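The number in our numbering is simply the position in the sequence shown, starting from 1, with 10 added. The C-beta atom is built at its ideal place from N, Cα and C for all residues, glycine as well. As the structure is a computational prediction, the values presented were derived from the model and not from experiment.
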Amino acid sequence: MKLSKLISYFFLFLLAMLPLSAFGQATSTIPPAHPSLYKGVRPLGMGNAFVAMPGSDENAMFYNPAAINDYEPGIDFRFVSPTIDFTTSSIQLVKDVVDLADEINDEEGDVSAQIDTFETFVNAHTGEFHSLDVRLPVFMVLNKYLSLGTLVDSRTTVSFRNRSFSNFELQSRSDAGGVIGGAYGFFEEQLQVGVNVKVLHRISVDQVLTIDDIFATDDFKDAMPIERATGVGVDLGLKGKVPTFDLKALEVLKPTVGFTWQDIGNTRFAGDVVDTEQSISLGAAIHPTFHLGKHEFQNHFDLDLRELNQPVSFSKKLFFGYELMGPRFLGFFQPSVRIGAQQLYLAAGTSLDLRFVKVEFATYAEEVGRFTRQQPSRRIAGALVFGF
């Protein structure tokens, strides 16, 4: 096999989201993302702060299963609703990979020159992080007491972190399976309690790949055997309305608080497949409304402290955001805009709900460095949500 094809195939595997294992002996330093399953575009636009938000769409059960109890008593459906989420720098990386393959091809027969070219490419990208996530809820049923869904959630991140020699860090994970959640309200729904059970089949890798790994075989697929395993995870959520004590201000603000314990005890997988670490979060929100003429506008302010059980700095735990949701004009379309901050990095988003299809966009950043505010990874996310 030509070495240029070998290089091209390698990057195609990465960019096509195939989570594969390799010869590397060290695990990556890429931090995990939260929530562990299904990051919604709507929450991302408001800084990924959603723990105390009311349940009104498909995001609720993944951020706080207690919010399932906010759904209507009837049944709503969601189906084949794709989401893509990627770093803006990945576009340039694809162009550079094409150029790399051409250069490697021109140097065919001169292995030393090819290795030098490859090292130059890696060194030029040292310190960069490139991510591509694809999320696809295949089918979801939303009900006030019991909700369920099947979905695929695939995340791949490539880091060119140079530890005194040229290498890649690769963290890739694809989950496919089902989620079933239930919730119930107590004290006239002043307190809501919800639980999710997730059954997931995972394909993953979390490795450092050296140049020796890449050039050591004529068929790179032989160096990257696929690891697979199935795991079961459980999430617990609480959400409550703060008593107003007959205070006018609290009656207007409608404050809520939320608590989640996701992946209780870690969602564990057999063999070398990477487990999902448990995460504890708290949230607080207010939900005032105002009127312009006969039109009502909803406001949501949410502040979350995430990963409270993880040894990371306070700023990496901090998420907050605001959403302004307009009325449903002409009985057909409902616009909304969002702004917030995730780990102190700006986020923004918008959506247009056309009743049977919803279009959502968001831009956000998250910390991927080892230290606070060391290196943000700026991303763009978009979704098409179909349902009725």
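Query	Result
CB of residue 185 within 7 Å of CB of residue 389, strictly	no
Touching by the beta-carbon criterion (3+ pairs, under 8 Å), the region 103-111 and the region 280-289	no
Selected residue, minimal CA-CA separation from residue 82, among 190, 154, 369	154
Residue 290, DSSP secondary structure in three states	strand
Rounded separation between residue 329 and residue 117 - CA only	49 Å
Within 7 Å, strictly: CB atoms of residue 238 and residue 213	yes
Nearest-angstrom Cβ-Cβ length linking residue 293 and residue 312, presumed shorter than 8 Å	6 Å
Distance between beta carbons of residue 372 and residue 47, contact taken as under 8 Å	Not really, about 18 Å apart at Cβ, beyond 8 Å.
Counterpart residues of residue 240 in DSSP-defined beta bridges	211
Residues that residue 251 bridges to, as DSSP identifies them	266
Proximity winner among 287, 164, 61, relative to residue 321 (alpha-carbon distances)	287
Rounded separation between residue 106 and residue 367 - CA only	36 Å
With 16 other Cβ atoms within 10 Å as the buried cut-off, status of residue 79	buried
Supposed contact pair residue 333 and residue 355 - C-beta distance, whole angstroms, cut 8 Å	The Cβ separation is near 18 Å, so there is no contact.
Of the listed residues 270, 208, 181, nearest to residue 188 (C-alpha basis)	208
Pick from 84, 315, 362 that is closest to residue 351, judged by C-alpha positions	315
Cβ-Cβ separation, residue 250 to residue 201 (assumed contact under 8 Å), whole Å	5 Å
Rounded C-alpha distance that separates residue 247 from residue 152	17 Å
Residue closest to residue 395, alpha-carbon to alpha-carbon, out of 387, 386, 370, 374	370
Whether residue 263 touches residue 290 by CB criterion (7 Å)	no
Same chain, Cβ closer than 6 Å to residue 156, neighbours up to 5 away in sequence not counted	192
Euclidean distance between Cα positions of residue 338 and residue 67	15 Å
Neighbour-count burial assignment, residue 182, 16 or more Cβ in a 10 Å radius	buried
Cβ neighbour criterion (16 or more within 10 Å) applied to residue 256	exposed
8 Å contact criterion, which residue 270 and residue 61 should meet: CB distance rounded	6 Å
Residue range of the unbroken alpha helix (DSSP H) whose run includes residue 327	324-327
Nearest-angstrom Cα separation, counted from residue 301 out to residue 210	44 Å
Entirely enclosed beta strand (DSSP E) segments - the region 143-203, minimum 3 residues	156-169, 177-196
Distance between residue 149 and residue 254 (C-alpha atoms, nearest Å)	39 Å
Beta-carbon spacing of residue 164, residue 144 below 7 Å	yes
Inter-residue Cα distance where the pair is residue 318 and residue 331	19 Å
Residue 60 (DSSP reduced to helix, strand or coil)	coil
Residue from 136, 285, 49 whose Cα sits closest to the Cα of residue 169	136
Whether residue 76 touches residue 204 by CB criterion (7 Å)	yes
Beta-bridge pairing of residue 351 - partner residues as DSSP gives them	330, 356
Exposure label - residue 34; buried when at least 16 CB within 10 Å	Because residue 34 sits at a pLDDT of 39, beneath the cut-off of 50, its placement in the model cannot be relied upon, and the following sentence gives the value as read from the coordinates. Buried: at least 16 other Cβ atoms inside 10 Å.
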